[in-house]
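Only one structure is covered here, and it is reproduced in the block below.
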Amino acid sequence: MKVAGSLSTQNLEAIINTRQPNSQQTTTGERTEERKNIINSLFGYLKAAYPNFLTNQDEIPAKRIWYVQLEKYSGDQIKAALNVSIDKHPTFAPTIGEFKAILTETRIVKPGQMIEMAPICQNCHSLRNTQHHQDNCGGNK
Numbered sequence: 000m001k002v003a004g005s006l007s008t009q010n011l012e013a014i015i016n017t018r019q020p021n022s023q024q025t026t027t028g029e030r031t032e033e034r035k036n037i038i039n040s041l042f043g044y045l046k047a048a049y050p051n052f053l054t055n056q057d058e059i060p061a062k063r064i065w066y067v068q069l070e071k072y073s074g075d076q077i078k079a080a081l082n083v084s085i086d087k088h089p090t091f092a093p094t095i096g097e098f099k100a101i102l103t104e105t106r107i108v109k110p111g112q113m114i115e116m117a118p119i120c121q122n123c124h125s126l127r128n129t130q131h132h133q134d135n136c137g138g139n140k
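Residues in the sequence shown are numbered consecutively from 0, following numbering that gives the first Met the number 0.
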């Protein structure tokens, strides 16, 4: 899908999916440009998904706010949150606050990465957040 003046969803995925270069080999300017490209692609995607996105607002200050607010998130996290945001906000584009809430809710687990689990009960030897533990230990221990 291509929208006049914006990047396609394929371009967004290409930019986000590019491997993050080694920080020792990359200058701050290159990282800044990469982040700008991610935000520009994000806005292009939001415009394509939500035709009324930023119709009555200057885009440059909005992009600056999103850039600063999303600095600590990876391209993979932004892409995952974008996919979820369209399901959570089918009619209107999410605000930056709503998008950040989606970012915190959306977890990306990479292959080989351990998922944080609840502690194991020493009494019943099951995870503490399971029904088995509740039934046998009453939720205690």
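Glycine residues also receive a C-beta, built at the ideal position from the N, C-alpha and C atoms.
Review point. Taking only beta-carbon atoms, is Arg30 less than 9 Å away from chain B?
Key: The structure shown contains no chain B, having only a single protein chain.
Check your understanding: Can you name the residues that DSSP bridges to Ile119?
Key -> Ile119 pairs with Leu126.
Exercise for review: Evaluate Leu45 with the Cβ neighbour count: other Cβ atoms within 10 Å of its Cβ, from every protein chain shown; 16 or more gives buried, anything less gives exposed.
Suggested key: Burial call: buried.
Exercise for review: Might you give, ordered along the chain, the residues of its own chain that have their beta carbon closer than 6 Å to the beta carbon of Pro93, omitting 5 neighbours on each side?
Suggested key: Take Pro93, set aside five residues on each side of it, and the residues of its chain with a beta-carbon closer than 6 Å to its own are Ser84, in chain order.
Check your understanding: Which same chain residues, not among the five before or five after Asn21, have their C-beta less than 6 Å away from its C-beta?
Key -> A caution first: Asn21 carries a pLDDT of 48, below 50, which makes its placement in the model too unreliable to give a value.
**Study point:** Coarse secondary structure for Gln68, derived from DSSP in three states
**Key:** In this structure, Gln68 counts as helix in the three-state DSSP scheme.
**Study point:** Endpoints, alpha helix (DSSP H) assigned at Phe98
**Key:** Segment Ile95 to Glu104, the alpha helix (DSSP H) holding Phe98.
Practice item. Confirm, please, whether the CB-CB distance from Ile64 to Ile95 is below 9 Å. Key: Taking 9 Å as the Cβ cut-off, Ile95 and Ile64 qualify as a contacting pair.
Practice item. Round the Cβ separation of Tyr66 and Lys99 to the nearest angstrom and send it over; I've been treating them as touching at under 8 Å. Key: The C-beta separation of Tyr66 from Lys99 comes to about 13 Å, leaving the pair out of contact by the 8 Å criterion.
Check your understanding: In chain order, what residues of the same chain have a beta carbon less than 6 Å from the beta carbon of Pro118, not counting five sequence neighbours either side?
Key -> Contacts found: Arg127.
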